[in-house]
Amino acid sequence: MTRATARLIAIALLMTSAPAGAEHEVYYRYVVIGYVNDPKGQPIKGRTVEVMRDKTGFSYLAETDAQGLYVAVTRLGDESAGETLTVKVGTLVHTVTAQFDPANHADDRGTRLDVAGTKFVERPTWFPSTLGRFLGERGHP
Numbered sequence: 468m469t470r471a472t473a474r475l476i477a478i479a480l481l482m483t484s485a486p487a488g489a490e491h492e493v494y495y496r497y498v499v500i501g502y503v504n505d506p507k508g509q510p511i512k513g514r515t516v517e518v519m520r521d522k523t524g525f526s527y528l529a530e531t532d533a534q535g536l537y538v539a540v541t542r543l544g545d546e547s548a549g550e551t552l553t554v555k556v557g558t559l560v561h562t563v564t565a566q567f568d569p570a571n572h573a574d575d576r577g578t579r580l581d582v583a584g585t586k587f588v589e590r591p592t593w594f595p596s597t598l599g600r601f602l603g604e605r606g607h608p
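Under the numbering used here, the first residue of the sequence shown is numbered 468, with each subsequent residue one higher.
Structure representation (structure tokens):
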């Protein structure tokens, strides 16, 4: 076997052994989803929502749609359970604690965080159904 052939085989083995899609797996993300409404309960379109990972200072941005819905997908792994995220919408600021079971790699991780006028309302139990509706509306199973 020539050196070039051995090198090609080694490169091929390295490429196939790395989990290329791992970043897109449920255990690499934490989703903050919700609605932004004005004090009269009307949706606010085009509002920027910033979710900052307090540990690293890295920000994830989302923008509300016509229904006031936003979806911010952060990159948090199994080791990030219990970390805090700071959510900013205009001048409003709220802290969310990433709560999930690190051993559960089947269920999506996240919380629902709405803005109702001038206050945040966290509804973590509403997260699965809200995310399911969001994904269903976009043609996903």
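Positions of the beta carbon are idealized from the N, C-alpha and C atoms, including for glycine.
Computed from a predicted structure; not experimentally measured.
Next on the checklist: Can you tell me whether Leu-543 is helix, strand or coil according to DSSP?
Outcome noted: coil
Checklist entry - Whose C-alpha, out of Thr-564, Asn-571 and Leu-580, is nearest the C-alpha of Ala-529? => result Leu-580
Item to check | Endpoints, the alpha helix (DSSP H) within which Glu-604 is located | outcome: 594-604
Item to check | CA-to-CA distance, Ser-596 to Arg-520, given in whole angstroms | outcome: 24 Å
Item to check | Asp-581, enclosing beta strand (DSSP E) - first and last residue | outcome: 577-583
Item to check | Buried or exposed (CB count within 10 angstroms, at least 16 for buried), Phe-609 | outcome: The requested residue 609 is not part of the displayed model; the chain covers only 468 to 608.
Next on the checklist: Taking only three categories from DSSP, how would you classify Pro-510?
Outcome noted: strand
Item to check | Option nearest Thr-578 by Cα separation, candidates Asp-505, Phe-525 and Val-554 | outcome: Val-554
Item to check | Option nearest Pro-591 by Cα separation, candidates Asp-575, Pro-506 and Gly-584 | outcome: Asp-575
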